[in-house]
Structure formats: structure tokens, C-alpha cells
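Worksheet for the structure shown next.
Chains as they are written, first to last, in my numbering: chain A, 1 to 450; chain B, 451 to 851.
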């Protein structure tokens, strides 16, 4: 039998204690009614650098990281200022961003969408990063871009070349400075026509995943417009390391050009196999056999060594360019790290400066203000010549380089020589181009989060 | 209590306490201190602890009890994730149906793979499962993502687009996975002095599900069925000679652990609506083996500890860069500071795999029973001392001859 002593005083007391208990957490909660996710409140602002530090693209990722650190130094007014001196917008003063000192956190994407999102999330949730920059693969870029859109953070893509990043997967909070597969095709086509004529027969080997397909689609479209014939397109598994069985049929196909839609280790291996089969020494249909690698990078060129001599491809940027911006960047990068930067490093460096500049011009870290400041922004002096950040798809439009493996490299760094700088008009396409998601693709609304 | 004996009941209570208080326990350092780098109490990592805990508990039911080492469990995780995201795409963002569907799909898939793989045992079984998982990976990465029949969206990962049907989605519901309208991202921040603790709904969903499946695992370990599985591990041939067909038991264990993996995959997708093919890659399968062995195969709590340790290394240690190191050692004279940074540099940041490898080697060599054995040894150290003390007392009380 229970006996309860329910008195008025007792009830009041209990009620008061319970009320205080419930209210306690809110007393301690700072009234931080911030307008957007991770609004920087103290004297510093945190950027997140999310790059592959392990896995197949680790080399590119680590190069990106060096460039990002350099960018932070320049923003904080340390070092020689690099491209801040040549950048056409003069909003940045070398005193951080909006007077706040720039700090950064780094993470490892492992070139996996999952790990990249986990790492980006920890930057956003734990470290309070206001912007995420980096990535060395399109799958990762698209995944992290989607995350940033949901979280209300700005994403400044690093190396990502597939059309989808600013095509069907474009997002209002995401921006890409790097060029894309379509631009590679458009830039390469005239050079190919000039060097090889208009009646070539092309054979494609394509890495069997999203980037490979968009790359193949773009090159096929632009070469067929020249009058070339596409003999065959063969998909190779991404994990292949030996391409001999794919190269042998090329010899009997009657093709006289081999297009390798491969990147990274894939490209190094397939190119090496092709050279071993003596493809470049063959004469087919009365013409010299040629090999084309649509997307080049310095690090791949170094990996392929001798084999890339004379092989054509395209790049976003190369340290051998002679404009002011390039010289300033190569000088400060070279002085600090003792080697010239790769094009993935340059795109990350430019992206960090572009973000900082947009914040400075907008006068706020609010993602929506930054988006507004970047959309339709025209600038120069970062190494790529006059550039436009197109408002419709957040893709940068600038000149594209066509490069060739150097015949007589003098150092380990000038393995590529610039054949032509394709002007921007030639690589521009409408925002609703069918390769970029057509009319359905949309940026959506900018999301400030919180 | 709950139909458990005293020891298991205490263990279960302990796990409940740890899981529910995790946001406090994992944020021991004030936000502004230099040690805040080691705080792990943010939603994403907490969720991962619980989810990979589930994955490892399930794996342990197969590996720890029957001794069948599957090298392809990540395939079920991936299938679960894809199934859940498809539920989001077609029906609604509610996480419950997605998780249920993920478990069902993983179960079907594991019946298929298990039926074939379990015709062999030992290394052949491992290789068969590995082959199936790599096949699934290749299918998801390229074959099933071609523009004509796009089931997995390849490298980019399956995600929800605005143009998807989502027939049960209506105005007012969050545009993110939710539990009957409560977004999994809903968080409450509690600031106490310099400390800040984050309570996230998504984590508590994962935590409650983990507690349920942990309880199921205890019951399974202590059941006659669990005993049968242990018998298979200790001597399968003798079982066969006594006239008992062990295959249905192993298949059941395989399917149960596949369902655990599918549940984990579904939860991963529920916390973050994107499913990538890398989830099925062989390294992901290897990771769960590491988790189980690191924590202690065949023990109840071991796999959860192992999962926690690996995810902690992956997310916390990988983020320590040279800048952070310089801050830590800035109190030292310049020369010493650089030396310390150079010494530690290879083990943090991109070297987190190296540190993990060293820890794994140390555990396997010195603690073959995993972290659980380490805990037991420490416990024995204390009880042993107490035992000795009691003995001394007794010897003292007896008068000398």
C-alpha cells in the first residue's frame, strides 16, 4: 500500500525544480541566431581543403594542398602575395578575408565519394568550415557539391573534368574553375584537323565510368564534325592495369588514330601498352598512326615518361605560360616548394582566391551573397587569361591549352609543350547543351543553411 | 533482466549508457582548446560509429561464431544503401521504409551469394565471397549505370534529384531524409561553459537501432542456435559425421549477418542520401574484417570497439596536418619544434593508414583477442592484485611457526 504526501508546497517545489531543469540548457545556450551555416564570429575564418591524400590521385591531391596553403598565406599577407598583385579585382588587401585571419583544416577524400563526404561533413560540423575546396575526381566533386548544397556551404571544385559537375549535377552553391570534357573536345578538334587531316578513322578506348563516357561523347562529337569516322569505341574496366588485349584489335580495325579516354594510372598504362605494340611506328591507310590523350596532366606525363613524346592532349593551364598571373604564381610556388605547380594545383589556388575575393566584394560570408558576387564575374590575372564565371551553370569560361609531349625535354618538368591556346569563343556552349543535362538541368536555389 | 544473465545484462546496460551519452563522452575537450582536435562528438562521426558498429556486430555473427571468413560483406552494405536511396527516389524521404527495404534486399542478395559460396569453406569460401563483392562493385560502378538502364549512377553515386517521382512526398516535409517529419539533421547544441555538445536526431536513430540489434546479437550468441554455430567453428567435419547437416545453419548465419550489413547500408543512406559504388569495394570488405579482429572476434562488444577505433582514426587522425602539429609544439624552441613535427608527421594526416597499421600489428601480436582481451587483462590486473592482497592478509593472520 502506498501513501503519497501530495501537498501544495511540495507540488510547487517540484514544479519549480523541474522547470529550472528544463530551462537550464537554454540558459547556457548562447543565443547564436546566425543567418547562415558556420557564420564566422571570432577573428578567424576557416576554409576546408578536402583533397585525396591517399589512393590513386594522391599525388595530385598533395599538389593541390600545397597550392591551397600558398593561397592562404597570400590571403593573410604573408609571402610575396603571388597572384594578389596580378588579379584584376583589387578587393583583397592581404589582411585575410573581411579582416578575419584565414585558417584552414585539411581532410583526406581517398578518391571515394563516401570518404570525401565524411571528411567534408566533419569540416562543416566540427571545424566550422565556411567553404570547401578541392577534389581530384568528378565523382567526388559531384558528391561533395551535393553535400555542400544541402548544408549551405560554398563548394569551390578542384580538379573535376566530367561534364556533369556543371551539367546535370550543377548546384547553386558549387563552382568550377577547371575546364570540362566538352571543352577538351572542342579545343582539340581544330588542332587534330590541322595535324592529321579531315579523313581520319578513330578508335576509342574509354575508361568505363561516368567521366570516360562524357569524355568519349565529347571527342566523338567534335571529331565527327570534322569529318572523321569513329571505327569503334571500347570500354575498359577502370581497374585494368594491362591493356594489351584492348590494343591488339586496334591494329586490325583499319583505324589510324587511337584516342585514350583514360586518366591517371589508367592512361599511363594504356599509353605504355600502345607504344609497346609499336602503334606509333605503323602506317595505316597511307597515314602515320597517331595517339591522342584528351585530358593531360603533368603528373601523368611524368608517369608515362618517354612514351608521351608527340602525343596530343588538352590542359586547363600549364606553368610554362608567359602571362603575368602565371609567372607570379609559378614564382611563389617554385620559391616555396622547389618545383613548378601542376594544373590541379593552379585551379585550387585560383578557386581559393576567387572565393575570398567574392566574399570581400559581397561584404559578407553569406553563401547567397557569395554566389551573387561570383555569378557572371569577369576577371583576369590568375593565369588563364580573361575568364568568365557563367551565371547559368557556374562554369568558368576561358582559353584551353592544347599540349603535346615534348620531343626533347630539358628537365623533368617540361615534358609537355604548348601547341596552341584555343580561344574561349571556340569552347563556349549554351548552358542547356544536351551533353550538360539539356533544359532539365538547373542550379536550384542557393542555400545559406541554418 | 531482458532475459539475459547477470553478466550480459550488465554489459548491455553499459553499452546503453555509452551509446546514449556518446555526445558527452566523445567531446571531452573544451571547444577552444588545442585538444579539441581530438573531439569526436560531432553528428557525422557519431552516426558512423553506430552504423559501422552494426556492420561489425553482424559480421561477427558469421565470422566470430562459425569461423567462416567472408571477404565480401561490403556488397551487402552497398546493396542496402542503393535500396534505401531508391526508396527515397521513388516513394518518400521517410527513413523507416527505406531501412526496411534495405534489409530485405540485403537478405535476398545474401541468400543468393551465401547459397553458392557456402558450398566451399575456408579460403575458397573467402575467395568466392570476395569475387562476388568485386562483381557487384564492377556492376555498380559501370555496367548498371549506363544511360539506358541507370540503376546505380556509377562513379557519381546514386542520389535524389528534384525530378524524381517521390510519390508520397508532400509540402512541409523536409527535403532530406526524415523520421515522420523530423529531419535526421535536426540537432540541438548544448553549450556548457567552454564545452559544446551536439545532440543529433540521426545519431539517436542509429543508436537506438544499434542497441536493438546488439540485444538481438546477445540473444543469438546465447541461444542453442548460437551454440550450433560455435560447434561448426570448432569441428565441422565431426558435425557432419554425427549426421547433422551444418549447411542450413551456416546459411542462416550468413543471411543474418548480410541483413545486419544491409541495415548498416540503409542507415548510411538514411543519414546522407547518397550511395556510391566504393561502398562495395574490397577495401570496404577488408575494413570490417579489421574492425572485428581489432576489437576481438567472437566477443560481443569487440566489433563495436574496433569499428569505433577505425572510424576515429580515419576521421580524426587524418585531419591532423603540419599546421596543427606546429601549433601543438609551438611552446618548444624552434629546433625541437621542427624535430617533433618531422617525427610525428609520417603518422598523421595522410599517414593515418600507417598509424592504423601499427596499432593493428601491435594488437594482433600482443593481444590476439583484440581490444576486449586488453580490457580483460587490465581488469585482471586489478582483481589479481586484490586477490593477492587478500592472500597476504590471510598469511599475516596465520601466526608463524
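Ideal placement from N, C-alpha and C gives every residue a C-beta, glycine not left out. Please read these numbers as outputs of a predicted model, since none were measured by experiment.
| Item | Value |
| --- | --- |
| What residues in its chain sit with their C-beta under 7 Å from that of residue 2/A, if we drop five residues either side in the sequence? | Residue confidence for residue 2/A is low, a pLDDT of 49 falling below 50, so the modelled location carries little weight; the figure read from the coordinates is stated next. Same-chain partners within the cutoff: there are none. |
| Tell me the residue span of the beta strand (DSSP E) that contains residue 201/A. | 201-207 |
| Give a yes or no on whether 7 Å exceeds the smallest Cβ distance from residue 471/B to chain A. | no |
| Kindly provide the ranges of any alpha helix (DSSP H) runs that are 4 or more residues long and lie completely inside the segment 609-687 of chain B, ordered along the chain. | 651-672, 674-684 |
| The beta strand (DSSP E) that contains residue 121/A, what's its start and end? | That residue, residue 121/A, is in no beta strand (DSSP E); its alpha helix (DSSP H) goes 113-125. |
| Taking its Cβ as the centre, do 16 or more other Cβ atoms sit within 10 Å of residue 578/B, making it buried, or is it exposed? | buried |
| Quick check on the burial criterion: 16 or more other C-beta atoms within 10 angstroms. Buried or exposed for residue 283/A? | exposed |
| What are the boundary residues of the beta strand (DSSP E) that includes residue 775/B? | Run containing residue 775/B: none in the beta strand (DSSP E); it sits in the alpha helix (DSSP H), 772-778. |
| Could you check if residue 710/B is buried or exposed, using at least 16 other CB atoms within 10 Å of its CB as the buried criterion? | buried |
| In angstroms with no decimal places, state the Cα-to-Cα distance between residue 540/B and residue 220/A. | 34 Å |
| Give a yes or no on whether the C-beta atoms belonging to residue 608/B and residue 725/B are separated by under 7 Å. | yes |
| Residues in the same chain with beta-carbon distance under 7 Å from residue 653/B, minus the five sequence neighbours each way, listed in chain order, please. | 493, 496, 497, 500 |
| Go through its chain and collect everything with a Cβ distance to residue 775/B's Cβ below 8 Å, but skip five positions before and after it. | 790, 791, 794, 795, 798 |
| Expressed to the nearest angstrom, what Euclidean distance is found between the alpha-carbon atoms of residue 30/A and residue 650/B? | Below a pLDDT of 50, predicted positions are generally treated as unreliable, and residue 30/A, at 39, falls in that range; the measurement from the model is reported next regardless. Looking at the two C-alpha atoms, the distance is approximately 18 Å. |
| Straight-line CA distance for residue 88/A to residue 268/A? | 38 Å |
| Which chain B residues are close to residue 142/A, counting only those with a beta carbon under 9 Å from its beta carbon? | 605, 606, 607, 609 |
| In chain A, what lies closer than 9 Å to residue 716/B by C-beta? | Simply none; closest approach about 15 Å. |
| Mapping DSSP to helix, strand and coil, what is residue 151/A? | helix |
| What's the C-alpha gap between residue 407/A and residue 274/A? | 18 Å |
| Give a yes or no on contact between the segment 102-112 of chain A and the segment 137-148 of chain A, applying the rule of three or more CB pairs nearer than 8 Å. | yes |
| Scan the segment 242-273 of chain A and note each continuous beta strand (DSSP E) run of 3 residues or more that stays entirely inside, going in chain order. | 257-261 |
| CB-CB under 8 Å to residue 445/A, same chain, minus the five flanking residues each way: which ones, in chain order? | 172 |
| Can you check whether the CB of residue 543/B is closer than 7 Å to the CB of residue 627/B? | yes |
| In three-state DSSP terms, what is residue 706/B? | helix |
| My understanding is that residue 426/A touches residue 186/A, with C-beta atoms under 8 Å, so please give their C-beta distance in whole angstroms. | 6 Å |
| What is the DSSP secondary structure of residue 527/B, counted as helix, strand or coil? | helix |
| Rounded to a whole number of angstroms, what is the C-alpha to C-alpha distance between residue 592/B and residue 209/A? | 5 Å |
| List the residues of chain B whose Cβ lies closer than 8 Å to the Cβ of residue 117/A, in chain order. | 722, 724 |
| Closer than 9 Å, Cβ to any Cβ of chain B: which residues of the segment 76-110 of chain A, in chain order? | 103, 104, 105, 106, 107, 108, 110 |
| On the DSSP bridge list, what partners appear for residue 599/B? | 596/B |
| Measure the alpha-carbon distance for residue 818/B versus residue 743/B and round it to whole angstroms. | 8 Å |
| Applying a beta-carbon distance threshold of less than 7 Å, which residues of chain B neighbour residue 150/A? | 626 |
| Look up residue 290/A in the DSSP assignment and give the residues it is bridged to. | 257/A |
| Any Cβ of chain B within less than 7 Å of the Cβ of residue 53/A? | yes |
| List, in chain order, every chain B residue whose beta-carbon is nearer than 9 Å to that of residue 414/A. | Correct list: empty, because the minimum Cβ distance to chain B is about 28 Å. |
| My output table needs one value for residue 417/A: the three-state DSSP class, helix, strand or coil. | strand |
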